[in-house]
Amino acid sequence: MVIVLVLQILFVTLLSCLVGLFLIGLSRKMTARIHWRYGPPLSQPFIDIVKWFSQTAVSHGKLFDAGMIFSLTGSVVVVLFLPFGGICPLRGSGGLLVILYLMLIAPLGIALSAGEAANPYASIGVSRKLQLAFGYELSLLMILLSLMTYYRTVSIVDIVEAQIQSGWSLVQLPLVVSGLAYLLIMPAIMGIRPFEMIQAPQEISSGPMAEYGGKFLAFATLQHALNIYIGLSLFVNLFLGGGSNAGYFLIKLLLAFMVFQVIHAVWPRFRIEQAVRCLWRWPALLAFIGLIIVWVTTS
Amino acid sequence: MDRNNIGKWFKSPGNMGQKYSLHALYFCTGCGIIEIPPTITTRWDAERFGVIPVATPRQANLFLITGYVSVKTLRYIIRSYEQMPEPKYTVGFGSCPINGGMYWDSYNTIKHLDKYIPVDGWIAGCMPRPEAVFVAVTHLWTLIDKGMATGYLKYREHYTKYRRNQEKVLGKLEWPPLFSIEEENEKSREKVAV
Chain A
0 MVIVLVLQIL FVTLLSCLVG LFLIGLSRKM TARIHWRYGP PLSQPFIDIV KWFSQTAVSH
60 GKLFDAGMIF SLTGSVVVVL FLPFGGICPL RGSGGLLVIL YLMLIAPLGI ALSAGEAANP
120 YASIGVSRKL QLAFGYELSL LMILLSLMTY YRTVSIVDIV EAQIQSGWSL VQLPLVVSGL
180 AYLLIMPAIM GIRPFEMIQA PQEISSGPMA EYGGKFLAFA TLQHALNIYI GLSLFVNLFL
240 GGGSNAGYFL IKLLLAFMVF QVIHAVWPRF RIEQAVRCLW RWPALLAFIG LIIVWVTTS
Chain B
0 MDRNNIGKWF KSPGNMGQKY SLHALYFCTG CGIIEIPPTI TTRWDAERFG VIPVATPRQA
60 NLFLITGYVS VKTLRYIIRS YEQMPEPKYT VGFGSCPING GMYWDSYNTI KHLDKYIPVD
120 GWIAGCMPRP EAVFVAVTHL WTLIDKGMAT GYLKYREHYT KYRRNQEKVL GKLEWPPLFS
180 IEEENEKSRE KVAV
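So this is what it looks like as structure tokens:
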């Protein structure tokens, strides 16, 4: 039993890293094709990772290393709570409430690590990252509350199973508004345009990443890949009915990602105060209305 | 291009990674920079070779010196070069970094860039076309393959000499030396000079 659990943990961690990196490669290729370029090969993120691990890296102190590991670990732990097709290594414990708490660890780790570098651009990037998290957490909390109220459970596995029996949450009438709200905050969770102001290479020299080189950049990219996977996986599991097996789940993940990628390729980015204003106005309003609808219909 | 040659990837992953993921750093100085935007965007699309621009020296391994180098720029070129993680490659762009070009008698432009930082390759011309950048990249691949793109090792080995050349132009440098300087050697040279 323990061996099965360890194998599941390894499998899910490895596969989510691979899926995340593949999605980054796909994103670069799709952006290129939309810009009428040929674009890099799909394997480009993997090539980059190999290169970064073969480089020397400059560390700026103990917290610089520890924060990076802290952040990566936080993302990996969140991944273990998310069902991957039929597989969910930590299915019995906590569910959505734990995910909500753990999702904040990754930005905090990056903040610790980048703060240690004492680069002003890194500080600006970190402050933007935390402000953005502040922006979308409100809507995310209300969306998860409405889901938990509707299905009367906090377990994400139970929600997926309920959807397999009764159809996707996104097409169930009381949850449509919450689904729309989640669609609106999704780019902010994944850190893509129009909410890409965290990295913004043209204005703040790639923000928190400014002092990362070599293996630190490799770990930061892995963390980014996991972050993309977490945002998409939450959406697919909560609103698109998860997947009865891994293949079905991955196809849904891919399709959802491609929709957001089209937006990413053609949109400019908001300034941070515009982003927070936007997030606190429209998705939060929709999520609130959704919560009320669910509360009225279930009581 | 042997990007899909799996055997080579297992044989020397480091070299192959360096070859096909050249992250370029450049200053927007000199006239050569005007050739970079078409190179990295839709018209010539450098990304298909794995060459993308990055924002900070820490993330870069290819340094493009686009055009003439004034004394003021040289200070920041050296600082950026020293911040880049090894292995790192430098390419001089246009005729100005090679021998001064049309600034051969300018009072505040340096004439030979490779006196101050090691340069792995040059792109001749005034201006070089964006295609020339790709020719340079493919040449750089060949050099990396043969183990000849060793500018960063030369910088380590002859750091004392490079540092002395830098100090000759910039006066006293406000940052500490990157590698150890051979003090004794320095003193003996002074004695000989006296």
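Sequence order for the protein chains is A and B. 0 is the number of the first residue of the first sequence in numbering that gives the first Met the number 0; add one for each residue after it. 0 is the number of the first residue of the second sequence in numbering that gives the first Met the number 0; add one for each residue after it. Idealized CB from N, CA, C, for every residue including glycine.
Is the CB-CB distance between residue 145 of chain A and residue 293 of chain A below 8 Å? yes
Go to residue 32 of chain B, then tell me how far its beta strand (DSSP E) extends in each direction, as first and last residue. Counting along the chain, residue 32 of chain B falls outside any beta strand (DSSP E), and DSSP gives it neither H nor E.
So for residue 63 of chain B, helix, strand or coil by DSSP? strand
Please confirm if the segment 271–289 of chain A is in contact with the segment 180–188 of chain A, defined as three or more CB-CB distances below 8 Å between the two stretches. yes
Using a Cβ-Cβ cutoff of 7 Å, what residues of the segment 210–235 of chain A are near chain B? List them in chain order. 210, 211, 212, 213, 216
Under 9 Å by beta carbon: chain A residues contacting residue 13 of chain B: 49, 50, 52, 53, 54
Within 10 angstroms of its Cβ, does residue 8 of chain B collect 16 or more other Cβ (buried), or is it exposed? buried
Could you check what DSSP says for residue 124 of chain B in three-state terms: helix, strand or coil? coil
Comparing C-alpha positions only, which one of A:188, A:23, A:16 sits nearest to residue 79 of chain A? A:16
What residues in its chain sit with their C-beta under 6 Å from that of residue 142 of chain A, if we drop five residues either side in the sequence? 177, 180, 181, 286
By Cβ distance, which residues of its chain are closer than 6 Å to residue 140 of chain B, with the 5 residues on each side in sequence left out? 18
Rounded to the nearest angstrom, what separates residue 98 of chain A and residue 63 of chain A at their Cα positions? 25 Å
Listed by chain order, chain B residues near residue 35 of chain A by CB distance under 7 Å: 41
Can you list, in chain order, the stretches of the alpha helix (DSSP H) that have 4 or more residues and sit fully within the segment 122–192 of chain A? 155–165, 175–189
Using the three-state DSSP reduction, which class does residue 248 of chain A fall into: helix, strand or coil? helix
Counting C-beta neighbours from all protein chains within 10 Å, is the total for residue 118 of chain A 16 or more, i.e. buried, or is it exposed? buried
Unbroken alpha helix (DSSP H) run spanning residue 13 of chain B, endpoints: 12–19
Here's the rule I'm using: 16 or more other beta-carbon atoms within 10 Å means buried, otherwise exposed. How should residue 170 of chain A be labelled? exposed
If you draw a straight line from the alpha carbon of residue 247 of chain A to that of residue 295 of chain A, how long is it in whole angstroms? 34 Å
Residue from A:67, A:297, A:262 whose Cα sits closest to the Cα of residue 172 of chain A: A:297
Per DSSP, cross-strand counterpart(s) of residue 24 of chain B: B:62
Are there three or more Cβ pairs, one per stretch, closer than 8 Å when the segment 20–33 of chain A is compared with the segment 260–278 of chain A? yes
Do we get a CB-CB distance below 8 Å when we pair residue 74 of chain B with the residues of chain A? no
So is residue 126 of chain A in contact with chain B if we call contact Cβ pairs under 8 Å? no
Per DSSP, residue 69 of chain B is paired with what? B:108
From the DSSP output, in three-state form, read off residue 102 of chain B for me. helix
Rounded distance between the beta-carbons of residue 49 of chain B and residue 21 of chain B, thought under 8 Å: 6 Å
Give the residues of chain A in contact with residue 195 of chain B, contact being defined as C-beta atoms less than 8 Å apart. In this structure chain B extends from 0 to 193, so residue 195 of chain B is not present and cannot be described.
Are any of the Cβ atoms in chain B nearer than 8 Å to that of residue 261 of chain A? no
Apply the 10 Å Cβ neighbour rule to residue 6 of chain B and answer buried if 16 or more other Cβ atoms are within range, or exposed otherwise. exposed
Determine the closest residue to residue 110 of chain B out of B:158, B:160, B:133, B:165, with distance taken between C-alpha atoms. B:165
Determine, using beta carbons only, whether residue 84 of chain B comes closer than 8 Å to chain A. yes
Selection from B:180, B:181, B:169, B:178 that minimises the alpha carbon distance to residue 75 of chain B: B:169
Quick one: list the residues of chain B neighbouring residue 57 of chain A, beta-carbon separation under 9 Å, in chain order. 57, 82, 84
Residues in the same chain with beta-carbon distance under 6 Å from residue 190 of chain A, minus the five sequence neighbours each way, listed in chain order, please. 197
Output the distance between the C-alpha atoms of residue 193 of chain B and residue 175 of chain B, rounded to the nearest integer angstrom. In this prediction, residue 193 of chain B has a pLDDT of 48, which is less than 50 and means its spatial position is unreliable; what the coordinates show is noted afterwards. Their Cα atoms are separated by approximately 27 Å.
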